[in-house]
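Okay, structure first, notes after.
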Amino acid sequence: MVKSTEPRGEAAGLRRDFGRLAALGVVLVLAGLVGLVYTAVATLTSMLLFGWLLLIGGVVGVLHAVQSRDGHFFWLGVVVAALNFAAGVVVLRMPEAAAEALTMFAALLFLTGGVFRLVGSLVVRGPQFGWTLVQGAFGLFLGVLVLLSWPSGSQYAIGAFFSLTLLFDGLGLIATGFGGRRIVGMVSDRLPG
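Here is the structure:
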């Protein structure tokens, strides 16, 4: 015999989990707002984090290559791990230059993505024609804006992008958390018992 309190207990657990998700979203929003205020610090922090991740990835890659040294891809694994390690060292030793290079790369991605969206929307003219056209124009505008401020703006660009990502991811988690809690509440109100 199944007790009628089990679904209510699961609903309470789900509500608690969605509450934690919303709390994580609040933390990310706060981190994003702080990053937007201190974009130069956010750029430097993200470059250092990226450098350490590359360095750790290189060490883990070497360990994995050594562990699977009998395989056919041993040397490929060693080369990739060495490149990750070397890139990590370069990023950690020269974070400003790495930020400049990544900012240029981001600008080129925005430009090419914007051009492809603009041309694609004009050629295909699908149901999302207007939105695709706006996305393409915005990507093109953002790419040109970043290029015009390069290299001096690179000390702020990566930090601003990173902070905006944190902000919008946090807002998404808050919406998911509150929406999930609301849905669980609506469903649990209809449970018997």
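Numbering follows this note's numbering, with no gaps: position 59 of the sequence shown is 59.
Yeah, the Cβ is synthetic: ideal placement off N, Cα and C, and Gly gets one too.
- In the structure shown, residue 155 falls within a helical segment according to DSSP collapsed to helix, strand and coil.
- The three-state reading of DSSP puts residue 95 in helix, counting H, G and I together.
- The C-alpha of residue 105 lies about 18 Å from the C-alpha of residue 84.
- Note that the C-beta distance between residue 29 and residue 170 is below 8 Å.
- The beta carbon of residue 154 sits closer than 7 Å to those of 99, 100, 103, all from its chain and outside the five residues before and after it, given in chain order.
- Per DSSP, reduced to three states, the secondary structure at residue 138 is helical.
- Taking residue 162 as the centre and dropping the five residues before and after it, the same chain places the C-beta of 35, 42, 46 closer than 7 Å to its C-beta, in chain order.
- Our two residues, residue 96 and residue 44, have alpha carbons roughly 7 Å apart in a direct line.
- Closest in alpha carbon position to residue 114, among 144, 94, 88, is 144.
- Rounded to whole angstroms, the separation of the alpha carbons of residue 31 and residue 148 is 28 Å.
- Excluding residues up to 5 positions away in sequence, 139, 140, 143, 144, 147 lie with their Cβ nearer than 8 Å to the Cβ of residue 111 in the same chain.
- Considering only 40, 66, 122, 126, the residue with the shortest C-alpha distance to residue 137 is 122.
- By the neighbour-count definition (other C-beta atoms within 10 Å, threshold 16), residue 183 is an exposed residue.
- Per DSSP, reduced to three states, the secondary structure at residue 128 is coil, with no helix or strand assignment.
- Distances from the CA of residue 152 to each of 55, 124, 19, 40 were compared; the closest alpha carbon is that of 40.
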